[in-house]
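Student:
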Amino acid sequence: MGIGILALAGAFLLVAPLGLKPYGIFILSMWAVMTIAAIGLNLTLGYAGQISLAQAAFVGIGAYVTAWLTTKGAWPFWPTYALGFASCFAVGWILGYPALRVQHHYLAFVTLAFNTLVYLVFRNEEWLTNGIYGISNVPRPSLFGFSLKGGREFYYFCLANLVFVSLAAWWLIRSPWGRAFVAVRENPIRALSLGVDTRRYTLMAFAIGAGLGGISGALYAPLTQFVDPTPFALGLSLNLLLMVVLGGSGYFFGPFLGAIVAVLLPEWLRFAQGYYLMGYAVLVMVMMAFWPTGLLGLADRLLKK
Amino acid sequence: MRGLIAVLLLLSGSAFGQVKLAYVGEISGQLAVSGGNFRDGIILAVEEINARGGMLKQKLDLTLYDTQTNPGVARAQMQKAIDGEPYTIFGPVLSGNVKVTLEIVKQAEVPQFIGGEAADLVTLGNPYMFRTSFGQQIGMPKIANYIRDELKAKSIALIWVNNDFGKAGRDQLLRVLKERDIRLAADVSTEAGQVDFAADVVKLKSANADAVFVYSNEEECARIMREARKQGLKGPFVGDTTLLSQKTIELAAEAANGVVGHVGLTVDAPIPEVKAFGERFQKRFKYKPDHNGLKGYTAVYAMRYVTEKKLGKLDRKALAKTLHGLTITPKEEPGILMETTWNDVGEIDRISFLAEVVKGQQQIVKVLPKLGK
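Chains as they are written, first to last, in this note's numbering: chain A, 1 to 305; chain B, 1001 to 1373.
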């Protein structure tokens, strides 16, 4: 049944843009980009159990690296994409060190402070980021000589990235690394006694999660074609956390469903006009109150009955 | 036969067609007060025009798109608006949202009346973009002249909000103050949505400047003024538009008294048409509009005037082309309220005002002429 649902979802994602206007295609592209960031956070939080409120900062770093280098540096896209991942991986590794000392809500505060710090750098260091004025006209890349300027073409590019990241995450979770992440989450002392280098795997969980945030940012910049500090404030980190928790933290497909709720649902609720944000908030509260393990946790429970 | 054709035309809807308009603006989020005023100004104008038979005998059909004061959402909503093929787009009010949507509006070739006031917006290369109020590069020299000539101030303590509106205004102000040999005694950056200004006011106080310049959004302006009065900070307090807006006066109450500054648009202007607009607005929406209400209202009438009186047809490209370099007077189009000119890049020129808050009311001290006169 799982494969059937997956095939149906895949077919929908491939065919949907053909019947959608540019707005619908843009929203679907944004869903794909945000899902990549949420997959990264799911690795850090859902599998390795390390809470992070800094994912927006990594999306921002990836976005600024790509935006700055492709506009002011006139670099081609692909090196900036790789650099976005690498720089976030490195910064994420460093941010992982506090996680070796503090846990749970203390760690949440450390990562929250980091997000705020990065936001302030984006906003105040005008020489580096152009400050509050942002970076305009971020170009969309080409692939093997094929231009991705059009909304539909760029959507398929984002979707291809999502498939690539998903496959990599799938492999990672089923590899000894993934099992080590879960061991660190479930019982770090027992994991250590069994020879798992908990220190290394904690840092790795942060770094890989951050790196995927960087990839998401590298796609965000050419998607919106304008980068400024506002989207990368704490609100996005909380939204990404919502995606992971609401979809089902620690479930592989959790971020996919969570991103549907966080990115697509508010758009579908706009028919309620002035009340759509209130409606959305109530819906999220009800979901969290009755299904605290997220949508996939609920599905899991129902299937086991 | 002719009768049959007429009936077919009626059934096909062409005789009762609608002109689609879109407002893409800040209905929720940090700038909801400004965006809400802008929206209601548009709604009032649309209702008035429709009540008189519409534009070119077609009803105006306005659709609202909420940016949530968020650039990512603004980009998506602008795309949604463009997909609906509107004749004209109004908004956004937040300058950052104008920038993030600039390219797609330009590509769609839809005339756009923006509420954003950041200095660089009309220089970014969208020939379909028109301002509805002064850019900061026009408002700031006027207020700097007032500081030099009327207040005789030699030094200024500046408090500003660190967002795209506040930063761009601050940069413009510093430039014009320097040109007039006015010293910057304090440069205090604050956050959008900030609640406590105690430490910031201490800095302003210790600067001991001849005047204090407050440049922030309405709610924050009110909080700054309340804290300044509480700490006994001596003015004079000077600002541009937001410091003297109706919302600021309401929130700051008696703390706003004595504030002076430059106002591009105000319903307290000594112009009968503007006052009448203020009364109609208040009757319809049960609150007194600020300058954003006037911006939205006059923009709709500018569009209607050009379409009906100059073009006689719905033509987006011709609308934009005609509006460049055009002056509209209230005699030609009463809804424009004040004589207004757009230059070749969409920058606006009209009279403006020096105002003072006296007993909780904004009073016009002086009318400043158009720059082109």
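Using N, Cα and C, we set each Cβ at its ideal position, and we do this for glycine too.
Leaving out five residues on either side along the sequence, give the residues of the same chain with a beta carbon under 8 Å from the beta carbon of Val1046 (chain B).
Tutor: Along the second sequence, one-based indexing puts residue 1046 (chain B) at 46. Leu1021, Leu1060, Leu1062 and Val1300.
Student: Quick check: the Cα distance between Ala234 (chain A) and Ile61 (chain A), rounded to an integer number of angstroms?
Tutor: For this step, residue 234 (chain A) is matched to residue 234 along the first sequence. For this step, residue 61 (chain A) is matched to residue 61 along the first sequence. For clarity, residue 234 (chain A) is Leu in the given sequence; the question names Ala instead. C-alpha separation (whole angstroms): 14 Å.
Student: Grab me the residues of Val1365 (chain B)'s own chain with a C-beta within less than 8 Å of its C-beta, minus the 5 sequence neighbours each way, in chain order.
Tutor: Reading the second sequence from its first residue, position 365 is the one you call residue 1365 (chain B). So the qualifying residues of the chain are Val1260, Phe1353, Leu1354, Ala1355 and Glu1356.
Student: If the cut-off is 9 Å on Cβ atoms, which residues from the stretch 9 to 32 of chain A count as contacting chain B, listed in chain order?
Tutor: Result list: Lys21, Pro22, Tyr23, Gly24, Ile25, Phe26, Ile27 and Met30.
Student: In this structure, how does DSSP classify Lys1288 (chain B) when only helix, strand and coil are distinguished?
Tutor: As a first step, residue 1288 (chain B) must be located in the second sequence, where it is residue number 288. DSSP places Lys1288 (chain B) in coil when its eight states are reduced to three.
Student: Can you find a CB in chain B that lies within less than 8 Å of the CB of Ile132 (chain A)?
Tutor: As a first step, residue 132 (chain A) is located in the first sequence; it is residue number 132 there, counting from the start. At least one chain B Cβ lies under 8 Å of Ile132 (chain A).
Student: Taking CB distances under 8 Å as the criterion, tell me whether Thr230 (chain A) reaches chain B.
Tutor: Against the first sequence, residue 230 (chain A) aligns to sequence position 230. Interface residue, yes.
Student: In the DSSP assignment, find the unbroken alpha helix (DSSP H) run with Gly84 (chain A) in it and report its ends.
Tutor: Reading the first sequence from its first residue, position 84 is the one you call residue 84 (chain A). Phe77 to Arg101 is the span of the alpha helix (DSSP H), which, as asked, contains Gly84 (chain A).
Student: Please name the residues in the stretch 127 to 154 of chain A whose beta-carbon is closer than 9 Å to at least one beta-carbon of chain B, in chain order.
Tutor: Going along the stretch 127 to 154 of chain A in chain order, one finds Gly131, Ile132, Tyr133, Gly134, Ser136, Asn137 and Gly151 with a Cβ nearer than 9 Å to chain B.
Student: Which class does Leu1008 (chain B) belong to by DSSP, given the choice of helix, strand or coil?
Tutor: For the purposes of this step, residue 1008 (chain B) is taken as the residue at position 8 of the second sequence. Because the pLDDT of Leu1008 (chain B) is 46, which lies under 50, any placement of that residue in the model is unreliable, and the number read from its coordinates should be weighed accordingly. Leu1008 (chain B): helix per DSSP, three-state reduction.
Student: Counting only C-beta atoms, is Glu1103 (chain B) closer than 8 Å to chain A at any point?
Tutor: Walking along the second sequence from the start, residue 1103 (chain B) turns up at place 103. So yes, Glu1103 (chain B) belongs to the interface.
Student: Using three-state DSSP, classify Met1001 (chain B) as helix, strand or coil.
Tutor: The residue labelled residue 1001 (chain B) in the question sits at position 1 within the second sequence. Confidence in Met1001 (chain B) is poor, its pLDDT being 49 and thus under 50, which makes the residue's placement unreliable; the coordinate value appears in the next sentence. Met1001 (chain B) falls in the coil class under three-state DSSP.
Student: From the DSSP output, in three-state form, read off Met34 (chain A) for me.
Tutor: Taking the first residue of the first sequence as position 1, residue 34 (chain A) is located at position 34. Here Met34 (chain A) sits in helix by DSSP.
Student: If you draw a straight line from the C-alpha of Asn1343 (chain B) to the C-alpha of Lys1370 (chain B), how long is it?
Tutor: Counting from 1 along the second sequence, the entry for residue 1343 (chain B) is found at position 343. Counting from 1 along the second sequence, the entry for residue 1370 (chain B) is found at position 370. Their Cα atoms are separated by approximately 12 Å.
Student: Any beta carbon of chain B sitting closer than 8 Å to that of Gln225 (chain A)?
Tutor: Working through the first sequence from its first residue, we reach residue 225 (chain A) at position 225. It does: the Cβ of Gln225 (chain A) has a partner Cβ on chain B nearer than 8 Å.
Student: Rounded to whole angstroms, what is the Cα-Cα separation between Val1161 (chain B) and Tyr1297 (chain B)?
Tutor: Stepping through the second sequence from its first residue, residue 1161 (chain B) is reached at position 161. Stepping through the second sequence from its first residue, residue 1297 (chain B) is reached at position 297. Cα to Cα, the separation comes out at about 27 Å.
Student: Taking Cβ-Cβ distances shorter than 8 Å, what residues in chain A pair up with Leu1124 (chain B)?
Tutor: By one-based count along the second sequence, residue 1124 (chain B) stands at place 124. Neighbours of Leu1124 (chain B) on chain A, chain order: Ser136.
Student: Interface residues of chain B around Leu277 (chain A) at Cβ under 7 Å?
Tutor: Taking the first sequence and counting its residues from 1, the one referred to as residue 277 (chain A) is at position 277. Chain B residues near Leu277 (chain A): Ser1028.
Student: Can we say the stretch 1147 to 1163 of chain B touches the stretch 1323 to 1338 of chain B, given the rule of at least three CB pairs closer than 8 Å?
Tutor: Touching, no.
Student: Under a CB-based cut-off of 8 Å, is Gln1137 (chain B) close to chain A?
Tutor: Your numbering for residue 1137 (chain B) matches position 137 in the second sequence. False, the Cβ-Cβ gap to chain A never drops below 8 Å.
Student: Leu1158 (chain B) by DSSP, collapsed to three states: which one?
Tutor: As a working mapping, residue 1158 (chain B) is identified with position 158 in the second sequence. Strand at Leu1158 (chain B).
Student: Inspect the CB distances between the stretch 1090 to 1100 of chain B and the stretch 1112 to 1129 of chain B and report whether three or more fall short of 8 Å.
Tutor: Yes, since at least three Cβ pairs between the stretch 1090 to 1100 of chain B and the stretch 1112 to 1129 of chain B fall closer than 8 Å, the two stretches touch.
Student: Within a Cβ cutoff of 8 Å, which residues of the same chain sit near Gln1231 (chain B), ignoring the five residues on either side of it in sequence?
Tutor: Taking the first residue of the second sequence as position 1, residue 1231 (chain B) is located at position 231. Here the set comprises Ala1198, Val1201, Val1202 and Lys1205.
Student: If you drop the 5 nearest sequence neighbours on each side, which residues of the same chain put their C-beta closer than 6 Å to that of Asp1349 (chain B)?
Tutor: What you label residue 1349 (chain B) is simply residue 349 of the second sequence in a count that begins at 1. Same-chain partners within the cutoff: Thr1341, Lys1370, Leu1371 and Gly1372.
Student: Check whether the Cβ atoms of Phe226 (chain A) and Gly134 (chain A) sit closer than 8 Å, and answer yes or no.
Tutor: Mapped onto the first sequence, residue 226 (chain A) falls at position 226. Mapped onto the first sequence, residue 134 (chain A) falls at position 134. Yes; because the gap between Cβ atoms is below 8 Å, this pair is in contact.
Student: What are the residues that DSSP puts in a beta bridge with Tyr1186 (chain B)?
Tutor: Your numbering for residue 1186 (chain B) matches position 186 in the second sequence. Per the sequence shown, the amino acid found at residue 1186 (chain B) is Ala instead of Tyr. In DSSP, Ala1186 (chain B) forms a bridge with B:Ala1157.
Student: Give the residues of chain B in contact with Arg190 (chain A), contact being defined as C-beta atoms less than 9 Å apart.
Tutor: In the first sequence, the residue the question calls residue 190 (chain A) occupies position 190. Those within 9 Å of Arg190 (chain A) in chain B number zero; the least Cβ separation is about 43 Å.
Student: Which stretch, first to last residue, makes up the beta strand (DSSP E) that contains Tyr1375 (chain B)?
Tutor: Summary: the structure shown does not reach residue 1375 (chain B), with chain B confined to residues 1001 through 1373, and so no result is reported for it.
Student: Can you give the Cα-Cα distance for Gly1013 (chain B) and Gly1139 (chain B), rounded to whole angstroms?
Tutor: As a working note, residue 1013 (chain B) is residue 13 in the second sequence. As a working note, residue 1139 (chain B) is residue 139 in the second sequence. Here the model assigns Gly1013 (chain B) a pLDDT of 40, short of 50, so the residue's position is not dependable, and the following value carries that caveat. About 46 Å.
Student: Looking at the C-beta of Ala1076 (chain B), does it have a partner C-beta in chain A at a distance below 8 Å?
Tutor: For the purposes of this step, residue 1076 (chain B) is identified with residue 76 of the second sequence, where counting begins at 1. Interface residue, yes.
Student: Below 8 Å, how does it come out for the stretch 10 to 20 of chain A and the stretch 170 to 186 of chain A: are there three or more Cβ pairs, yes or no?
Tutor: They do not touch, by the three-pair rule.
Student: For Asn1208 (chain B), count the other beta carbons within 10 Å of its own beta carbon; 16 or more makes it buried, fewer makes it exposed. Which is it?
Tutor: Position 208 of the second sequence, counted from the first residue, corresponds to residue 1208 (chain B). Its Cβ having fewer than 16 others within 10 Å, Asn1208 (chain B) is exposed.
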